[in-house]
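Chemist: Structure in structure tokens, see below.
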Amino acid sequence: MISRRALLLGGLQVGIAGTLMWRLRDMQLNQAEQFHLLAEENRINLRLLPPVRGLIYDRNGVLVAGNEQNYRAVMKRDDAGDIDLVLDRLSQLIPLSDEDIARARNDMLRNRPFVPVTVAERLSWEEISRIAANAPALPGVTPEMGLSRHYPLDHDMAHVVGYVGPVSERDLADLETPDPVLMIPRFQIGKSGVERVQENRLRGRAGSQRVEVNAVGRVMRELDRVEGSPGGNLHLTIDARLQNYALERLHGHSGAAVVLDVTNGDILALASGPSFNPNLFVRGISTSDFSSLLENEFRPLVNKTVQGLYPPGSTFKMVTALAALEDSVTDGQERVFCPGHMDISGHRFHCWRRGGHGRVNMTSALSESCDVYFYEMAQRCGIDKINAMSTRLGLGVRYELPITSVSAGLNPSREWKQRNRNAAWRVGDTVNASIGQGYVLTSPLQLAVMTARLATNKAVLPRLLRDPTEQAERVAADLDLRPEWLRLIRRGMAETVNDQRGTAYSSRIVGEGQVMAGKTGTSQVFSITRAEREAGIRRQEDLPWNRRNHALFVDFAPMDDPKYAVAVVIEHGGGGSSTAAPIGRDITLAALHDGKVPPLASYPSPQRNRIRAEQEELEERLRQPEALRISRA
Amino acid sequence: MSYLEYNTKRMPSGLSKVLYLNWPLVALLTLVAGYGVVMLYSIAGGNAQPWAEPQARRFVFGLVLMFIVAFMPIWIWRSVAGVAYVVTLLLLVGVEFFGTIGMGAKRWLVIGPVRMQPSELAKVTTIMALAAYYDLLDMKKVSRPLWVLLAALIAIIPALLVLRQPDLGTAMLITLGGGVVIFAAGVHWGYFAALIGTGVGLVTTVLQSRGTDWQILQDYQYRRIDSFLDPTLDPLGAGYHVNQSMIALGSGGWSGRGFMEGTQARLNFLPEKHTDFIFTTLAEEFGFVGASSLLILYMLVIGVCLLSAFNTTNRFASLVTLGIAGTFFLYFAVNMAMVMGLAPVVGVPLPLVSYGGSAMIVLMFGFGLVQSAHIHRARLPS
């Protein structure tokens, strides 16, 4: 009996053992590959190595945008377990605000559990050491060292270079096939300016690293590593020192200043004041800082050099003059009588000088900025000629520049008005346009380009990036304006600054080879109403700031062999000759002196005491030379 | 098999008993334990500490124990079987009142310097008691209900006490080990059919009790049942062990990833890699070759025991041998089924291979009984 039952037991056991053997065979031989894969997935983590972002230099090799070391604490939800507990412990080791904790918590809960989230950035070495030392109590938290964008020149280049920020959901949505590197937590991409437009050149290619991790995610060893390549460096045409000077010279105003090298279109300065500190945005700007930037009536976030559009006022008169010359409706020598106003189709158009200029020719009309002369010329040649000349001089054209929000301005025409205002063009519109009012809108950069074209008779195009390996200088196409026309225009501009009757005479430059030629402009934002006039308001200073006239000034220098073209626009500055022209002169002189504070000898002697006081005040704000050290060989 | 053709008419005595030992069994057990020591060495990253060396020492101690038990005549063991059983029951009751708690269960009893797990002891003493019971029982009465009920109670009472600790795995092993002896003793088929029916009913009841006031098992045991039914349900929680274990096992392939090269074990993906899940590490590092060879060794142990049982005319000796072999089989079969995802994770170690003292000592004691039965199979007072 026992033997039989024992045999049965043995048989049963062999049967079960056979089942186990079959299962073993099935798993280890048939499904081995699949399980092997799972084991590899378990142990191998693919990590992306963020590329080093390309550096941005100014034209001389001064670092404008660089990378600085950034220690941060990164946390993964699935390794942390109880994230509230871990965050609480972490907050005892490093300073974490409630806002930081709430943000980290949200990020972790919103993302998939294995996505690492940056909890704290810009930690000190001591803080990061504390985290590393307490690692066992902080599951899921890893100290990491990375690079973060830094702008050593703070607000000087904010509008040109822009800034970077962590990739947002919207950035990812905009891309069809996002670069996997963008999934790295808090990876920085360009948000505005050159940083944004040149993102692909600056970003570089991510490397990758395969590491073996244990069950709790700790890296045991590196299996292999493919190095990425750093992003390309960029060289701006901007001269950091001149830019700094221009921006500081705009201090106290809301305005823009542009300096062009007329020989090649290089933008030497592109200052929009007031500016902002881009480093604040890189670090994540606080709500209060951001709203104070938004609420500032000087609009620091707007790049007024390319984005700001202003009626050019009298700086537009060169366009009207050239249009008349080209249309042969005047020879330029012809004199027109200015009684102080002109009646056109039942409406009285005033000259800015109530008493009139008397008999003026083209040169004196420019230098004394007589309005009636240009009303007359505009009526003779018509809006079509003005429009064409305007385009030829670079107005109403959107330039291809590697910065965001470049505006085209507005160069009005009959078609434009029909399309956008649904009304026929009227003579009054032409008359308004002749002196840069009405529909005409230009950006400061466009005015600088116009001036450069007038100075060179070349179709100068602005550029912001230079290729240091490029040997041959780019030569702009000829503009083909008759030299005798340009001689008239330039004489008018020269007299504006250097003739006693010129509107910018008080802003003239003295000294060999530095003399400039320019044109002032004052453009109306609001007409002074009859009620106001009767109430006694006659002077701009009596008006609230945002209703005062814009002040404009364009110039080129040296007059005999032009090198620089400058445009200055001061929002609600009052008058071109009183506000914009002195700033334009200073910036022109700074350009002539490599961005340094100009010598007093360049100023007319009666002004030198006042200028000296102004310069001393300015020098306190200017960046010290050691901050503008050349860091590239 | 020549070694079985000894002159069984002559009862060995004194040192000559050494010659009559079941040496193939000794060799097989040593080989199996060797697998364990090698794996423990590998899991420790190529170190004898903290597991391999103590395990080797313990095995040597177990061998000595086995020899001592083996050299004592089998009838002595039969006469102490009843006492041993009653003492075991008392100890189990003692655990209930004075036991120390570890790992969520009350299993240990500390008496002076001795720290023991009476539940492990129960595995062997229950088998001894049942074997002695059937040795004394008239063959005609074997299948009578009252006598079957008595035998069933002998198996179930310690099992129930162990279940209360709670220790599902051991309780199951005790019951099934007792069942093997009762089956081998020749109890009528019908009882087993009824038992299986009852078992199914019991399982249903246990599952039904979940979440009610009279919940029979602990929550963690229910979770184990859930994760058994679908390990993918919660890969990071309850099912984690089985999933990681299957990955390790499957990734071994034909010849494994090599000694000390198992990534799942070395990188801590495997839980309990030195105890209940040691088979996975073996399968990962030595592949199908290593894993199936251990299974074959285990089956050879069973085979040797069965042969020994066939060749003894003594009822107690043969029943004890079959009972110990059955328990040993249950150990490795349940453990392997568990790590291969065929059975719930109930905490049954791989016999002689998993790191751990109690189970090994008790098993070696059991194999001592098998050896004693083998040595003294010739002549017994009747």
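Those protein sequences? They're chains A and B, same order as listed. Going by my numbering, the first residue of the first sequence is number 15, and it counts up by one from there. Going by my numbering, the first residue of the second sequence is number 192, and it counts up by one from there. In this text, a Cβ means the ideal position worked out from N, Cα and C, and glycines have one as well. In this text the structure is predicted, and so the values were computed from the model without any measurement.
#1: How do the stretch 330-348 of chain B and the stretch 478-489 of chain B stand: do at least 3 beta-carbon pairs fall below 8 Å, yes or no?
#2: On the DSSP bridge assignment, give the partners of L63(A) in chain order.
#3: For E463(B) and R144(A), I'd like the C-alpha separation in whole angstroms.
#4: State the start and end residues of the unbroken beta strand (DSSP E) segment that holds A283(A).
#5: Check T536(A) in the structure and name its three-state DSSP category.
#6: Compute the beta-carbon to beta-carbon distance between G327(A) and H564(A), rounded to the nearest angstrom, for a pair I have assumed lies under 8 Å.
#7: Say whether chain B places a C-beta atom closer than 9 Å to the C-beta of R163(A).
#8: So, for V209(B): in the same chain, excluding its five sequence neighbours on each side, which residues have a beta-carbon less than 6 Å away from its beta-carbon?
#9: Can you have a look at D345(A) and say buried or exposed, based on whether 16 or more other CB atoms are within 10 angstroms of its CB?
#10: Taking M234(A) as the query, report the chain B residues whose CB atoms sit under 7 Å from its CB, ordered along the chain.
#11: If V574(B) and E311(B) are in contact, beta carbons under 8 Å, what's the gap, nearest whole angstrom?
#12: Within 10 angstroms of the Cβ of I281(A), are there 16 or more other Cβ atoms? Answer buried if so, exposed if not.
#13: Run the proximity test for L455(A): is its beta-carbon closer than 8 Å to any non-hydrogen atom belonging to the ligand SAM?
#14: Name the chain B residues that come within less than 7 Å of R37(A), Cβ to Cβ?
#15: Could you tell me whether the stretch 487-499 of chain A touches the stretch 382-399 of chain A, where touching means 3 or more Cβ pairs closer than 8 Å?
#16: Between the Cα of S427(A) and the Cα atoms of V454(A), V420(A), L248(A), which residue gives the shortest distance?
#17: Under a CB-based cut-off of 9 Å, is A149(A) close to chain B?
#18: According to the neighbour-count rule (16 or more other Cβ atoms, all chains shown, within 10 Å of its Cβ), is D253(A) buried or exposed?
#19: Beta-carbon of R91(A) versus every beta-carbon of chain B: anything under 9 Å?
#20: Do T361(B) and A313(B) count as a contact pair if the criterion is CB distance below 9 Å?
#21: Under a Cβ-count criterion, where at least 16 other Cβ atoms within 10 Å of its own Cβ denotes burial, should T487(B) be classed as buried or exposed?
#22: Nearest to E226(A) by alpha carbon, out of Q246(B), F450(B), Q409(B), N459(B)?
#23: For T180(B), does the count of other Cβ atoms within 10 angstroms reach 16, so buried, or fall short, so exposed?
#24: Return no unless some Cβ of chain A is closer than 9 Å to the Cβ of I563(B).
#25: Quick one: grab the DSSP three-state call for C352(A).
#26: Check whether the Cβ atoms of Q629(A) and L642(A) sit closer than 9 Å, and answer yes or no.
#27: Mind checking if S509(B) is an interface residue toward chain A, Cβ cutoff 9 Å exclusive?
#28: Just to confirm the assignment, what range does the alpha helix (DSSP H) spanning M464(A) have?
#29: What did DSSP end up calling E424(A) once you bin it into helix, strand or coil?
#30: Closer than 8 Å by C-beta to V525(B): which residues in its own chain qualify, once you throw out the five before and the five after it? Chain order, please.
#31: What residues of chain B sit near A94(A), judged by a beta carbon separation below 8 Å?
#32: As a quick exercise: from T472(B), A239(B), I493(B), pick the residue whose alpha carbon is nearest that of F558(B).
#33: Please list the partners that S483(B) has in chain A, where partner means a Cβ-to-Cβ separation under 7 Å.
#34: So, is Y71(A) buried or exposed, given that buried needs 16 or more other C-beta atoms within 10 angstroms?
#35: Below 8 Å on the Cβ atoms is my contact criterion, and I expect S421(A) with Q321(A) to pass it. Report the Cβ-Cβ distance as a whole number of Å.
#36: Among all the DSSP beta bridges, which residues are the ones paired with L566(A)?
Modeler: Reading off the structure:
#1: no
#2: G221(A)
#3: One C-alpha to the other measures close to 32 Å.
#4: 281-287
#5: Of the three classes helix, strand and coil, the one that applies to T536(A) here is strand, per DSSP.
#6: 7 Å
#7: Interface flag for R163(A) against chain B is unset, since no Cβ pair is found closer than 9 Å.
#8: none
#9: exposed
#10: L458
#11: Nothing can be reported for residue 574(B), as the shown portion of chain B is limited to 192 through 573.
#12: buried
#13: As far as ligands go, the structure on display features none, and thus does not contain the ligand SAM.
#14: M531, L533
#15: no
#16: If we check each option's Cα against that of S427(A), V454(A) comes out closest.
#17: no
#18: Around the C-beta of D253(A), 16 or more other C-beta atoms lie within 10 Å, and the residue is accordingly described as buried.
#19: Judged by the 9 Å Cβ criterion, R91(A) is not in contact with chain B.
#20: yes
#21: The residue asked about is misnamed: residue 487(B) is Ile in this sequence, not Thr. With fewer than 16 other Cβ atoms within 10 Å, it is exposed.
#22: The shortest Cα separation from E226(A) among Q246(B), F450(B), Q409(B), N459(B) belongs to N459(B).
#23: Here chain B comprises residues numbered 192 to 573, so residue 180(B) is not present and cannot be evaluated.
#24: Looking at the sequence itself, residue 563(B) is Ser, so the reference to Ile does not match. Chain A contact via Cβ: absent.
#25: Looking at C352(A) - three-state DSSP - the assignment turns out to be strand.
#26: no
#27: yes
#28: 458-470
#29: Correcting the residue identity first, residue 424(A) is Leu in this sequence and not Glu. DSSP places L424(A) in strand when its eight states are reduced to three.
#30: If we look at V525(B) and ignore the five residues flanking it on each side, its Cβ neighbours are G360, M363, L364, A534, V537, V539.
#31: None at all; the shortest Cβ gap to chain B is about 13 Å.
#32: I493(B)
#33: M35, L38
#34: buried
#35: 5 Å
#36: According to DSSP, residue pairing for L566(A) in a beta bridge involves G535(A), V583(A).
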